[in-house]
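Numbering (my numbering), first residue to last: 50 to 165. In this text, a Cβ means the ideal position worked out from N, Cα and C, and glycines have one as well. As structure tokens, the structure follows; a few thoughts come after it.
This is how it looks when you write it as structure tokens:
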């Protein structure tokens, strides 16, 4: 169970790194696109750090916490599954969210011909 869980956990930052690498290679290849290459790298490192914290918690303190809180009600696997989303949520609260999206000028509506 832990091996599958760790594979899933580590595939999330690998996805972000893959997106960032693809965008970087496109930019180097001459296809200049507006995009968040730097954002994808930052998100990848953020998720990788959260995965590292989740693995550290899972290996050290989580079994003891589960044994003391709810050994008969919920299995350890349940807490292992919700550990990474909880770490991601708490880290997002701690370090702040994404930058605010600001729209400079509202787009003009298109004036097409109406069909009757």
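{"Item": "Considering only residues of the same chain and omitting the five flanking positions on each side of residue 136, which have a CB-CB separation below 6 Å?", "Value": "99, 102 and 103"}
{"Item": "With DSSP as the reference, label residue 123 as helix, strand or coil.", "Value": "coil"}
{"Item": "Would you check if the distance between the CB atom of residue 115 and the CB atom of residue 105 is smaller than 7 Å?", "Value": "no"}
{"Item": "Is the separation between the beta-carbon of residue 129 and that of residue 54 shorter than 7 Å?", "Value": "yes"}
{"Item": "Identify, in the order they occur along the chain, each residue of the same chain with its Cβ nearer than 6 Å to the Cβ of residue 61, setting aside the five sequence neighbours on each side.", "Value": "96"}
{"Item": "Where does residue 80 fall in DSSP's three states?", "Value": "coil"}
{"Item": "For residue 65, is the classification buried or exposed, using 16 other Cβ atoms within 10 angstroms of its Cβ as the cut-off for buried?", "Value": "buried"}
{"Item": "Is residue 107 closer than 7 Å to residue 132 when the C-beta atoms are compared?", "Value": "yes"}
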